[in-house]
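Residue numbers (this note's numbering), protein chains in the order written: chain A, 1 to 104; chain B, 1001 to 1161; chain C, 2001 to 2396.
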């Protein structure tokens, strides 16, 4: 049995759905961020799978997109975690169910 | 042989991803998250994009995972456990998964077989980054600087004068 | 004759693999080949670790005007055997409320990262265990997983001292990772490749018949080598940067709750990290396995590599025996305010040297850039107390 594109796409879809599960069902703010990172990783895997199985172009487009995506995801994780710390300092909790007041 | 490697890496990655998404203990979930990224980097190696796999380990396991564990440490308050999962989330995730798999299996892809592997060297990536993709490179550089300064400003405490 | 001594290990392995080639299926032969590489690597470096643990104590002892261990075996050289037996028969104590899984895997991960990093360094002609196109990036990627493993050690012990020690260790490692990587960039830029084999091959020329083309003999190369070496000292938590394991301050830092063989594993990981960083410094700056003079090339290539490795390890021990421990805030200031600007200066200086055609003017310009930045930084970062004129107050 040879590896075809569908194998990688199914694994990437499973990873995306597990990330969705983490983002939807967790109460700690950091783990929602972890779910988002997982979804981004699944998308990266998709890009590389399509790059590998697709037409070989002179520019490695799939690899480029993934390199930039990793950099952007890292920047977003850093800023998101800084916000979690700032919110914790103010509200003394990271439970997103309790962050439900817009303070004017 | 390839299929065995693919199967092993897929099981490894999905098991750790599930642990990261559903384990109520915070630290174990964060460390499973780091292990999952090692699995995804192994996928990249299998697909022939070694540079991206190494960058993935470097950035995610070396930096983002450390950030996450430090943030967990700094925001602890007698609550080392989180709710594991709830049925609504599982239902939505399973529905989305079946929808995606149905869409994947019904699509007729033009290219599905593995072409002859042409090794992608780091030199080619460097040349592409500096000639064809130089504008995105500069934008990402500015973005990273802004994110760095922004994260520092958000976390900085006002010194009492 | 010299060539066959040089390639003796390669020929032996090829003979063994040709013996197996017809009898086993092809993937299995590849696995056997990789396992042979790994076994030889582990054998050589574990022996070197054992030897170094006793030689370090003897050299330190001599520097402190005493003998080192000299009871076990001739000149104390069988001391590692005694140490190993002691470590193995010690009771393995795990704290009751520690996190068992995390506590168990932390020393394994630290040692695994160090061993993985040893796999991409060229030890001789055609003697790199694993040839990866982005070898230097692989080295730094596995080096950065050490931080997570140190954190696991500190957190898994459920001990405030361990946690504090782990945080200090991680802060130190992350701060010095930046100068470590940026000082490698000039070499990569000049050679044009991340492959350690190509970097070694780019240093094979001899100018005027006897001066080797090693990168350490250029102005930017010398500065980058010193910065890389100091960052390597920090990354392996050696004195003067051993705040994470300073015995007088924080007991043993993140290794407090480990006893017996797990402590020995941390020790092993520290020494293997030293070997890996020295090996990379030799590959990048000191010409790898090339001989320093062209007529000495009859000695095999791995002999030259291990000779240079011994010199660098002696410098590690020498620095440990000479300098006192540096305070945490002094260390952070040093990394961010001094080493990082100097590392960027090396990069600019290497660019000037390389793209100006390597004439004498280019050498002088690159040296001038480094000297100006160094003097400016030393002027601005001086924190010593200045002497002021004394004011006297006499009793009335």
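Beta carbons are placed, not taken as given, at the ideal position from N, Cα and C, and that holds for glycine.
Only a predicted model underlies this, so the values are computations on that prediction, with no experimental measurement involved.
Using a threshold of 8 Å, state whether the C-beta atoms of residue 2350 of chain C and residue 2244 of chain C are closer than that. Not a contact, by the Cβ cut-off of 8 Å.
Locate the alpha helix (DSSP H) running through residue 2214 of chain C, then write down its first and last residues. Segment: none, residue 2214 of chain C is in no alpha helix (DSSP H) and carries neither H nor E.
| What is the DSSP secondary structure of residue 2206 of chain C, reduced to helix, strand or coil? | Here residue 2206 of chain C sits in strand by DSSP.
CB-CB under 8 Å to residue 2181 of chain C, same chain, minus the five flanking residues each way: which ones, in chain order? The residues are 2140.
Note to self: At the level of alpha carbons, what is the spacing between residue 2150 of chain C and residue 2170 of chain C?
What the structure shows: Cα to Cα, residue 2150 of chain C sits roughly 7 Å from residue 2170 of chain C.
Worksheet item: Quick one: Cα of residue 2265 of chain C to Cα of residue 2102 of chain C, how far?
Response: For residue 2265 of chain C and residue 2102 of chain C, the distance between alpha carbons rounds to 15 Å.
Within chain A, the residues that residue 1063 of chain B reaches when beta carbons sit closer than 7 Å
Within chain A, the residues placing a beta-carbon under 7 Å from that of residue 1063 of chain B are 74, ordered along the chain.
Could you give the residue range of the alpha helix (DSSP H) that holds residue 28 of chain A?
No alpha helix (DSSP H) contains residue 28 of chain A, which DSSP labels as neither H nor E.
Query raised in the report: So is residue 1158 of chain B buried or exposed if we call it buried at 16+ other beta carbons inside 10 Å?
Result: Residue 1158 of chain B should be labelled exposed.
*Under the assumption that residue 2301 of chain C contacts residue 2124 of chain C (Cβ atoms under 8 Å), give the Cβ distance between them as a whole number of angstroms.*
About 4 Å; that satisfies the 8 Å criterion.
Where residue 105 of chain A sits in the DSSP three-state scheme:
Nothing can be reported for residue 105 of chain A, as the shown portion of chain A is limited to 1 through 104.
Closer than 9 Å at the beta carbon, the chain F residues around residue 2132 of chain C: In summary, chain F is missing from the structure at hand, where the protein chains are A, B and C.
> Would you say residue 2170 of chain C faces chain B, with C-beta separation under 8 Å as the test?
Replying inline: Yes, residue 2170 of chain C lies at the interface with chain B (some Cβ there is under 8 Å from its Cβ).
### Secondary structure, alpha helix (DSSP H): runs of 4+ residues fully inside the segment 2277-2353 of chain C
Secondary structure in the segment 2277-2353 of chain C: the alpha helix (DSSP H) runs of 4 residues or longer, each lying completely within the stretch, are 2301-2322 and 2328-2333 in chain order.
Worksheet item: With contact counted as at least three CB pairs below 8 Å, one residue from each stretch, are the segment 2289-2306 of chain C and the segment 2058-2077 of chain C in contact?
Response: In the pairwise beta carbon analysis, the segment 2289-2306 of chain C is classified as not touching the segment 2058-2077 of chain C: fewer than three pairs are separated by under 8 Å.
Quiz item: Thinking C-beta only, is residue 1006 of chain B closer than 8 Å to residue 7 of chain A?
Solution: Note that the C-beta distance between residue 7 of chain A and residue 1006 of chain B is below 8 Å.
Let me make sure I understand the geometry here. Which of A/52, A/78 and A/70 has the alpha-carbon closest to that of residue 9 of chain A? Measuring from the Cα of residue 9 of chain A, the nearest candidate turns out to be A/52.
Note to self: Under 8 Å, Cβ to Cβ, is there at least one residue of chain B near residue 91 of chain A?
What the structure shows: False, the Cβ-Cβ gap to chain B never drops below 8 Å.
message: Counting only Cβ pairs nearer than 7 Å, list the residues of chain B close to residue 48 of chain A.
response: 1044, 1047, 1049 and 1052, listed in chain order.
Backbone secondary structure at residue 2021 of chain C - three-state DSSP: Here residue 2021 of chain C sits in helix by DSSP.
Are the CB atoms of residue 1012 of chain B and residue 1039 of chain B within a distance shorter than 8 Å?
Cβ atoms of residue 1039 of chain B and residue 1012 of chain B: closer than 8 Å.
Are the C-beta atoms of residue 1015 of chain B and some chain C residue less than 8 Å apart? In terms of beta-carbon proximity, residue 1015 of chain B stays away from the interface with chain C, with every pair separated by 8 Å or more.
Quiz item: The alpha helix (DSSP H) with residue 2176 of chain C in it runs from where to where?
Solution: Annotation: the continuous alpha helix (DSSP H) that includes residue 2176 of chain C extends over 2160-2191.
Q | Identity of the residue in A/4, A/2, A/3 and A/21 nearest residue 1096 of chain B by Cα | A | For the residues A/4, A/2, A/3 and A/21, the minimum Cα distance to residue 1096 of chain B belongs to A/21.
Does the beta carbon of residue 1098 of chain B come closer than 8 Å to any beta carbon on chain C?
-> Judged by the 8 Å Cβ criterion, residue 1098 of chain B is not in contact with chain C.
**Q.** Under 8 Å from the C-beta of residue 84 of chain A: neighbouring residues of chain B
**A.** Under the 8 Å cutoff, chain B gives 1071 and 1075.
Check: Does residue 71 of chain A come within less than 8 Å of chain B when only Cβ atoms are used?
Finding: Residue 71 of chain A counts as touching chain B.
Exercise for review: Identify the contact partners of residue 6 of chain A in chain B, using a Cβ-Cβ distance below 8 Å as the criterion.
Suggested key: Simply 1104, 1105, 1109 and 1112.
- Query: Mind checking if residue 2336 of chain C is an interface residue toward chain B, Cβ cutoff 8 Å exclusive?
  - Reply: Taking Cβ atoms only, chain B never reaches closer than 8 Å to residue 2336 of chain C, which makes this a no.
Under the three-state DSSP convention, the category residue 2070 of chain C falls into: Residue state, collapsed to three classes: coil.
The alpha helix (DSSP H) enclosing residue 2037 of chain C, as first and last residue numbers | Residues 2026-2063.
- prompt: What is the rounded straight-line gap between the Cα of residue 1071 of chain B and the Cα of residue 2328 of chain C?
  reply: Straight-line spacing of the CA atoms in residue 1071 of chain B and residue 2328 of chain C works out to 22 Å.
Run the CB neighbour count on residue 2282 of chain C, radius 10 Å, all protein chains shown included, and call it buried at 16 or more, exposed below. Classification of residue 2282 of chain C: buried, given that the 10 Å Cβ count is 16 or more.
Is the Cβ-Cβ distance between residue 1068 of chain B and residue 18 of chain A less than 8 Å? Cβ atoms of residue 1068 of chain B and residue 18 of chain A: not closer than 8 Å.
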